[in-house]
Amino acid sequence: MTGQSQDTATYPPSAEIAANAHIDAETYNRMYAESISDPDAFWGEHGKQLDWIKPYTKVKDTTFDFGKVSIKWFEDGTLNVCANCVDRHLETRGDQTAIIFEPDNPEEPAQHITYKALHTEVCKMANILEGLGVRKGDRVVLYLPMIPEAAYAMLACARIGAIHSIVFAGFSPDALAARVNGADAKVVITADYAPRGGRQTPLKSNADAALLHCKDSVKCLVVKRTGGQTTWVDGRDYDYSELHAEADDHSRAVEVNAEDPLFVLYTSGSTGQPKGVVHSSGGYLLYAAMTHKYVFDYKEGDVFWCTADVGWVTGHSYIVYGPLANGATTVMFEGVPTYPDASRFWEVCEKHKVNQFYTAPTAIRALMGKGTEFVEKADLSSLRILGTVGEPINPEAWNWYNDNVGKGKCPIVDTWWQTETGGHLLTPLPGAHALKPGSAMKPFFGVEPVVLDPQSGEEIHESPTEGVLCIKASWPGQMRTVYGDHERFEKTYFSDYKGYYFTGDGCRRDADGDYWITGRVDDVINVSGHRMGTAEVESALVAHAKVAEAAVVGYPHDIKGQGIYCYVTLMNGVEPTEELRKELRTWVRTEIGPIAAPDLIQWAPGLPKTRSGKIMRRILRKIAEDDFGALGDTSTLAEPAVVDDLIENRMNKK
Ligand code: ATP
Ligand code: MG
Numbered sequence: 001m002t003g004q005s006q007d008t009a010t011y012p013p014s015a016e017i018a019a020n021a022h023i024d025a026e027t028y029n030r031m032y033a034e035s036i037s038d039p040d041a042f043w044g045e046h047g048k049q050l051d052w053i054k055p056y057t058k059v060k061d062t063t064f065d066f067g068k069v070s071i072k073w074f075e076d077g078t079l080n081v082c083a084n085c086v087d088r089h090l091e092t093r094g095d096q097t098a099i100i101f102e103p104d105n106p107e108e109p110a111q112h113i114t115y116k117a118l119h120t121e122v123c124k125m126a127n128i129l130e131g132l133g134v135r136k137g138d139r140v141v142l143y144l145p146m147i148p149e150a151a152y153a154m155l156a157c158a159r160i161g162a163i164h165s166i167v168f169a170g171f172s173p174d175a176l177a178a179r180v181n182g183a184d185a186k187v188v189i190t191a192d193y194a195p196r197g198g199r200q201t202p203l204k205s206n207a208d209a210a211l212l213h214c215k216d217s218v219k220c221l222v223v224k225r226t227g228g229q230t231t232w233v234d235g236r237d238y239d240y241s242e243l244h245a246e247a248d249d250h251s252r253a254v255e256v257n258a259e260d261p262l263f264v265l266y267t268s269g270s271t272g273q274p275k276g277v278v279h280s281s282g283g284y285l286l287y288a289a290m291t292h293k294y295v296f297d298y299k300e301g302d303v304f305w306c307t308a309d310v311g312w313v314t315g316h317s318y319i320v321y322g323p324l325a326n327g328a329t330t331v332m333f334e335g336v337p338t339y340p341d342a343s344r345f346w347e348v349c350e351k352h353k354v355n356q357f358y359t360a361p362t363a364i365r366a367l368m369g370k371g372t373e374f375v376e377k378a379d380l381s382s383l384r385i386l387g388t389v390g391e392p393i394n395p396e397a398w399n400w401y402n403d404n405v406g407k408g409k410c411p412i413v414d415t416w417w418q419t420e421t422g423g424h425l426l427t428p429l430p431g432a433h434a435l436k437p438g439s440a441m442k443p444f445f446g447v448e449p450v451v452l453d454p455q456s457g458e459e460i461h462e463s464p465t466e467g468v469l470c471i472k473a474s475w476p477g478q479m480r481t482v483y484g485d486h487e488r489f490e491k492t493y494f495s496d497y498k499g500y501y502f503t504g505d506g507c508r509r510d511a512d513g514d515y516w517i518t519g520r521v522d523d524v525i526n527v528s529g530h531r532m533g534t535a536e537v538e539s540a541l542v543a544h545a546k547v548a549e550a551a552v553v554g555y556p557h558d559i560k561g562q563g564i565y566c567y568v569t570l571m572n573g574v575e576p577t578e579e580l581r582k583e584l585r586t587w588v589r590t591e592i593g594p595i596a597a598p599d600l601i602q603w604a605p606g607l608p609k610t611r612s613g614k615i616m617r618r619i620l621r622k623i624a625e626d627d628f629g630a631l632g633d634t635s636t637l638a639e640p641a642v643v644d645d646l647i648e649n650r651m652n653k654k
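This is the structure we're talking about:
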């Protein structure tokens, strides 16, 4: 099955990119070898790029042994994460822009926040939080739009040693309440409304509804974003602008241990009950900073734009912590790619002369479906590096991105990582590797991927091969535990394959040793004894000119064991017909082979997605199995109505 539907072309870096990049092929090979043969020396040296209050003397102390899993990096060092992201830049780049805020409404002016201004705002926020009783180790929940105050609040928590837990502004009151209670938070920071795509989510009233299910002592700090009307509970609600007017703009950055938690973040919930992923202060920050610098080849003066939301780990590591630790200029975008129209991303790139642009395959596919005229009108000459994250990118979308956005000149880094990993684990480096569309390529420094046989759990050393992706040893950005439930941490990640970190993803390693993520292990289907990743069938479907998006799951099939069930979203204006169904079947058959031919195709006007844009296949599996009663946790769905539609169509056999 493997490889037949893949594009076999490779894209080496241009001579110019290779010559100017931080890391070329030779440097990568040397540094990677050093990082694996002597991690203590490698990380001990690189750890010095952070400012430590008390320098560490120990580097790595980690074990993956089930029953006693423990992960510690730089354990006797102390630092302050906020001081590393803000204060230490004041002398050299106080007047440089730290954050460019681009509002949802393009008519509203963008804001350029310098490092000096960032320092003032973060200090004020830190003092406000302290005034509300927040102390080192306390939890603060952020339920905010993508506005600068979200970054101020994250950094303010870090400044006073509090632990933040960000909840997507699109989540429901129930999801918010669960997270406030789960973390036993003292304060919730929210805003009146969240503008997004021209609409306004009433955040404060959602928070009001959530707080009915929380302890009375929880306080609510409210930022004014639109000035729209809200209700007010005296003694519980605090007006940010009022407190801001009086807040002192000096605040001490407290000393925390490298292993003290920086934040808790619940995973997006594609596969089941969300888990509170806990990240450390020292190791996490170092890993976010280093991956940001090398993977995006970030250079002094570059403008970096990651389109994620700060409610997702990508926003933590690559909008806030990584870029700011490196003294970068980072763009914070409040809106969506299609508002006011499908040219918004490209207009923002032109407007702010963005050098690195990092987004998700789902956004690329959505924009691809709208045609090229939207991207053609913008001047994208400032772009140097493109990136993707979140899902396997199908070669069709990769090529569209490369041709239309990168104009064939910008390396695309396909970064594979997880909330749990803190930063990129598998990715090409732009000046070092010949890219292959759809491949996450190589391990980052210090990362030892292994492919295991799913049945025996044995390591497979030869290539090409395919199996379960695990990681052999710890890296500094690794999560430390599940909040309040270390047992769940061990059980989820270290019990299936003893001695390894189990990623939950399947992968293929090709003859060159490059890695291809095939999707979640749960998404592997077994058709008449042939195992295949659903991503491959999806790629084939999306490669058809009339298909905008596709999701494939297995369902019980009398003869084959599992059958192939495809949910297909057609391009704008394409008529769903019986003939097209046949055409798609034949198409997949010729693209991959008869074994992969879809058994059932359901037209799907929309697919159920998490707020970070990932397809929730577990829900689609249930629908395909006609098991509508057991959909599980749907609180993290972006648009719950999509599911009702699919169920109705399933019942009507459309
Ligand atoms: P949950 O763990 O709660 O089910 P989730 O796995 O969607 O949610 P994230 O940590 O945001 O939460 O996503 C990580 C997963 O996303 C990876 O395990 C992988 O399946 C997928 N992924 C991320 N980046 C890539 C990529 N570049 N290529 C392929 N898959 C990717
Ligand atoms: Mg996951």
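With full-length UniProt numbering as the guide, the letters of the sequence shown map in order to residues 1 to 654. The beta-carbon is built from N, C-alpha and C at its ideal position, and this holds for glycine as well. None of the values given here were measured: they were computed from a predicted structure.
**OP:** Quick one: residues in its chain with C-beta nearer than 6 Å to the C-beta of R585, no 5 flanking neighbours on either side, listed in chain order?
**Re:** A597, P598
Subject >> Sequence ranges, alpha helix (DSSP H) only - wholly within the stretch 267-306, length at least 4 >> reply: The DSSP assignment places 282-295 as complete runs of the alpha helix (DSSP H) inside the stretch 267-306, in order along the chain (cut-off: 4 residues).
Original post:
Would you call the CB atoms of P430 and P148 closer than 8 Å?
Top reply: Result no, Cβ atoms of P430 and P148 do not sit closer than 8 Å.
**OP:** Assuming A207 and Y143 form a contact by the criterion Cβ under 8 Å, report the distance between their Cβ atoms to the nearest whole angstrom.
**Re:** 6 Å
Subject >> Residues near Y339 in its chain [Cβ-Cβ closer than 6 Å; skip 5 each side] >> reply: G197, G198
Subject >> As assigned by DSSP and simplified to three states, the class of L429 >> reply: L429: coil per DSSP, three-state reduction.
Subject >> CA-to-CA distance, K442 to G513, given in whole angstroms >> reply: 8 Å
**OP:** Assign T62 to one of three DSSP states: helix, strand, or coil.
**Re:** strand
Subject >> When L620, G390, E579, K546 are compared against Y567, the one with the closest alpha-carbon >> reply: L620
Original post:
Which one of R618, V310, V450 has the shortest CA to CA distance from H164?
Top reply: V310
Original post:
In three-state DSSP terms, what is G3?
Top reply: Annotation note: pLDDT 35 at G3 (below 50); position unreliable, no value reported.
Original post:
So is the beta-carbon of P392 under 7 Å away from any non-hydrogen atom of the ligand ATP?
Top reply: yes
**OP:** Measure the CB-CB distance between E246 and E102 and report whether it falls below 8 Å.
**Re:** With contacts defined by Cβ atoms closer than 8 Å, E246 and E102 do not form a contacting pair.
**OP:** Alpha carbon to alpha carbon, how far is N181 from G484? Give it in angstroms, no decimals.
**Re:** 12 Å
**OP:** Work out the CA separation of D297 and I17 for me, nearest whole Å.
**Re:** Taking the straight line joining both Cα atoms gives about 10 Å.
**OP:** Using the Cα positions of K215 and A150, report the straight-line distance between them to the nearest angstrom.
**Re:** 24 Å
Subject >> Candidates G227, S217, D248, H244, of which the one nearest D234 by Cα >> reply: S217
**OP:** Going by CA-CA distance only, name the one from L324, T201, A209, I385 that's closest to R225.
**Re:** T201
Original post:
What is the rounded straight-line gap between the Cα of Q6 and the Cα of H250?
Top reply: Caution applies to Q6, whose pLDDT of 48 falls short of 50 and renders its modelled position unreliable; the model cannot decide the point.
**OP:** Indicate whether T518 and E549 have their beta-carbon atoms separated by less than 8 Å.
**Re:** no
Original post:
Given E255, which residues of its chain have a CB within under 7 Å of its CB, disregarding the five upstream and five downstream residues?
Top reply: I53, T78, N80
Original post:
Is W232 helix, strand or coil when you go by DSSP?
Top reply: coil
Original post:
Which word fits S317, buried or exposed, when buried means at least 16 other C-beta atoms lie within 10 angstroms of its C-beta?
Top reply: buried
Original post:
Exposed or buried, which one is L129 when buried takes at least 16 other CB atoms within 10 Å?
Top reply: buried
Original post:
Using 8 Å as the Cβ pair cut-off and three pairs as the minimum, do the stretch 461-473 and the stretch 311-331 touch?
Top reply: no
**OP:** Flag I517 as yes when its Cβ comes closer than 7 Å to any non-hydrogen atom of the ligand ATP, and as no otherwise.
**Re:** Yes, since a heavy atom of the ligand ATP falls inside the 7 Å radius drawn around the Cβ of I517.
Original post:
Is any heavy atom of the ligand MG found at a distance shorter than 7 Å from the C-beta of T267?
Top reply: yes
**OP:** Have a look at I71 and R365 and give me their C-alpha separation to the nearest angstrom.
**Re:** 38 Å
Original post:
If you draw a straight line from the C-alpha of S463 to the C-alpha of D510, how long is it?
Top reply: 6 Å
**OP:** Using 7 Å as the cut-off, classify the Cβ of Q418 as near or not near the heavy atoms of the ligand MG, replying yes or no.
**Re:** Yes; taking the cut-off as 7 Å, the Cβ of Q418 has a heavy atom of the ligand MG nearer than that.
Original post:
What are the boundary residues of the beta strand (DSSP E) that includes L452?
Top reply: 449-452
Subject >> When D260, Q273, L265 are compared against residue 729, the one with the closest alpha-carbon >> reply: Outside the modelled stretch of the chain, which goes from 1 to 654, sits residue 729, for which no answer is possible.
Subject >> CA-to-CA distance, I595 to E639, given in whole angstroms >> reply: 33 Å
Subject >> Given 8 Å, three or more beta-carbon pairs between the stretch 603-613 and the stretch 356-370 >> reply: yes
**OP:** Could you check which residue in H530, R480, A19, Y287 has the C-alpha nearest to that of H279?
**Re:** R480
**OP:** Return yes when the Cβ of V389 is within less than 8 Å of the Cβ of T415, no when it is not.
**Re:** yes
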